[in-house]
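Structure, as structure tokens:
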Amino acid sequence: TFIYWLMTRPIMRSIQNLIKLTKQFSDRHFETMYIIGQEPREFKELATAFQQMAKKLEEGFTKLEEQENSRKELITNISHDLRTPMASMQMMIEALQDNLIEDPEMKKQYLATVLKEIERLNGLINDLFDLSKLEFEQVDFHPSFTHLDKVLLDVLESHSVLLGDKQIHVQLDVPDTLPMTLS
Numbered sequence: 005t006f007i008y009w010l011m012t013r014p015i016m017r018s019i020q021n022l023i024k025l026t027k028q029f030s031d032r033h034f035e036t037m038y039i040i041g042q043e044p045r046e047f048k049e050l051a052t053a054f055q056q057m058a059k060k061l062e063e064g065f066t067k068l069e070e071q072e073n074s075r076k077e078l079i080t081n082i083s084h085d086l087r088t089p090m091a092s093m094q095m096m097i098e099a100l101q102d103n104l105i106e107d108p109e110m111k112k113q114y115l116a117t118v119l120k121e122i123e124r125l126n127g128l129i130n131d132l133f134d135l136s137k138l139e140f141e142q143v144d145f146h147p148s149f150t151h152l153d154k155v156l157l158d159v160l161e162s163h164s165v166l167l168g169d170k171q172i173h174v175q176l177d178v179p180d181t182l183p184m185t186l187s
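Numbering (our numbering), first residue to last: 5 to 187.
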């Protein structure tokens with residue numbers, strides 16, 4: 005039995021080390037590496053395969069964490085981008101319901117602004133849908149150029165009621181040479 009113990013001891017030690025390493029991997033401790041010593045060739049190959057697997061797992065988990073952080077940031081930004089026009093529309097509709105706006109032209113302007121905000125929200129929702137399709141590689145991305153002055157005017161117009169209520173007057177002075185931007 006002593007000779008058996010001497011013969012099997014390196015193999016048992018190698019198996020125990022691999023079991024310990026596997027448990028560490030299951031706890032996402034990929035930095036622990038298997039020390040290759042005087043084990044049989046098969047255990048050295050197995051240890052090398054474990055080290056390669058650990059590296060790939062660590063890279064995969066790092067990528068997943070980065071994607072999750074990006075997803076959370078995107079959701080935060082989308083929530084903000086949806087909440088702002090909703091608040092603006094709610095305020096305009098409440099003002100119209102409460103007959104706070106008597107001037108027919110101003111009523112038309114409020115309704116036109118609400119309609120534009122709805123169109124903008126639809127655009128945001130469509131962008132979000134396209135983004136979800138991009139994640140699954142179901143759609144091609146075709147960037148196009150947009151005039152920044154139009155974007156600025158749309159933003160100012162969508163906030164005109166809020167600015168007016170706070171008696172804030174904004175004057176937009178856009179140079180004729182304003183470059184187009186990729187969107």
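Even for Gly, the Cβ is constructed at its ideal location relative to N, Cα and C.
query	result
Contact between the region 59-74 and the region 104-114 (3+ Cβ pairs under 8 Å)	no
At least 3 beta-carbon pairs within less than 8 Å: the region 45-54 vs the region 7-26	yes
Cβ pair F65, F34 closer than 9 Å	yes
Buried versus exposed, by CB contacts within 10 Å (16 or more), A58	buried
Proximity of P89 and L125 at Cβ, strictly below 9 Å	yes
Chain-order list of residues whose beta-carbon lies under 6 Å from that of M93 (same chain, five-residue window excluded)	V118, E121
Own chain residues within Cβ distance below 7 Å of W9, not counting five before or after	none
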